[in-house]
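Heads up: the structure comes next, in structure tokens.
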Amino acid sequence: KPASKDDKIEITPISDWLPGLQRPLVISGPCSAETEAQVMETCQQLAATGKVDVLRAGIWKPRTRPNNFEGIGTIGLEWLKKAKEATGMKTAVEVANKQHVEEALKYGVDILWIGARTTVNPFSVQEIADALQGIDIPVLVKNPINADLELWIGAIERLSGAGITKLGAIHRGFAKYGETKYRNAPQWQLPIELKRRMPELPMICDPSHICGNRELLAEISQQALDLNYTGLMLESHINPDKAWSDAKQQVTPERLAEMIDGLVLRNGYS
Ligand code: PEP
Ligand code: MN
293 KPASKDDKIE ITPISDWLPG LQRPLVISGP CSAETEAQVM ETCQQLAATG
343 KVDVLRAGIW KPRTRPNNFE GIGTIGLEWL KKAKEATGMK TAVEVANKQH
393 VEEALKYGVD ILWIGARTTV NPFSVQEIAD ALQGIDIPVL VKNPINADLE
443 LWIGAIERLS GAGITKLGAI HRGFAKYGET KYRNAPQWQL PIELKRRMPE
493 LPMICDPSHI CGNRELLAEI SQQALDLNYT GLMLESHINP DKAWSDAKQQ
543 VTPERLAEMI DGLVLRNGYS
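Going by the UniProt record's numbering, 418 is the number at position 126 of the sequence shown; the sequence numbering is gapless.
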């Protein structure tokens, strides 16, 4: 199918909102903000590697099943603010509704992302877009949990319709039934088709949620770089095995830096 003119949206190049960006862009930090010390120490260790551009942390966690840790809430935004002040690292959080957007903006978060369980819901995405009307903050849109390209594009279009131009997509894999090698199937053909239809849209790979375990992160990260992705979002934690969510797929900042060092930058990037 030829790229439709309806797919044309205005995109501000990522180098305009992350000046001095080196390829690949690396966003890293814990799945969840847990304690002030955990956020601060993770951020300081990540900053010390010199390989991480943006600190991520989940503040409100949309859990598939109840009775799991559902996020520390607004106090975590204060920790992120302190971590940013201490290290100069930009910050990114997941938002799923209007209240999250308002809180994140109030605490000076630099980048918002929409999670896979939110991208599936046009009402939620529209609520976020409406809350951001006239506010020029970068928003990264994770693929919906199911392999529905139109839903992913639709979410990006809703944000674009609210005047947001600092847009990017995050490929975090697609839910499947049963035990397989990856926690979420990569289905590379979806992000590739999205890039074909929106060539200016920065594409970021989230190997952590594709793999579901730390052993496979390098393999998926390398595949993303080979496909000329703009960046990687990788979960990291000072004590991964003790993480309150997604323990198996998190790595220490030190191991993250080693893994990034082992990646081969192709396409002329060095
Ligand atoms: C996360 O980034 O921790 C997260 C909840 O991811 P996803 O929305 O991709 O499941
Ligand atoms: Mn996670």
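We put the CB at the ideal spot given by N, CA and C, even for glycine.
Cα-Cα, which of the options is closest to residue i?
i           : options                        : result
Gly365      : Met490, Thr522, Ser324, Ser452 : Ser324
Leu555      : Pro532, Val543, Met495, Leu509 : Leu509
Cys335      : Gly321, Lys343, Thr327, Phe466 : Gly321
Ile367      : Ile351, Ile530, Asn359, Arg450 : Ile351
Lys382      : Ile445, Ala461, Ile448, Ala349 : Ala349
residue 237 : Lys398, Val433, Gly400         : Any answer about residue 237 is impossible in this case: the structure gives the chain only from 293 up to 562.
Classify residue i as buried or exposed, calling it buried when 16 or more other Cβ atoms lie within 10 Å of its own Cβ.
i           : result
Leu557      : exposed
Lys458      : buried
Gln425      : exposed
Gln481      : exposed
Asp538      : buried
Thr472      : exposed
Lys353      : buried
residue 263 : Residue numbering for the chain in the displayed model covers 293 to 562; residue 263 lies beyond these limits and cannot be assessed.
What residue does the alpha helix (DSSP H) around residue i start on, and which one ends it?
i      : result
Glu335 : Looking at the sequence shown, residue 335 is not Glu but Cys. First-last of the alpha helix (DSSP H) with Cys335: 328-341.
Ile445 : 441-453
Gly368 : 367-379
Lys487 : 481-489
Arg547 : 545-553
Glu386 : Note, Glu386: premise wrong, no alpha helix (DSSP H); beta strand (DSSP E) at 382-386.
I believe residue i touches residue j by the beta-carbon criterion, under 8 Å. Please report the beta-carbon distance rounded to the nearest angstrom.
i           : j      : result
Leu369      : Ala396 : 7 Å
residue 571 : Ile306 : Since the displayed the chain opens at 293 and closes at 562, residue 571 lies outside it and no answer follows.
Tyr474      : Ile502 : 5 Å
Lys534      : Arg506 : Actually they do not touch by this definition, with Cβ atoms about 14 Å apart.
Ile437      : Phe466 : 7 Å
Asp345      : Leu317 : 5 Å
Gly524      : Ile496 : It is worth fixing the name first, because residue 524 is Leu in this sequence and not Gly. Leu524 to Ile496, Cβ: 7 Å. Contact.
Within the continuous beta strand (DSSP E) that includes residue i, where are the two ends?
i      : result
Arg348 : 346-348
Quiz prompt | the segment 421-433 in contact with the segment 392-405 per 3-pair CB rule at 8 Å | solution = yes
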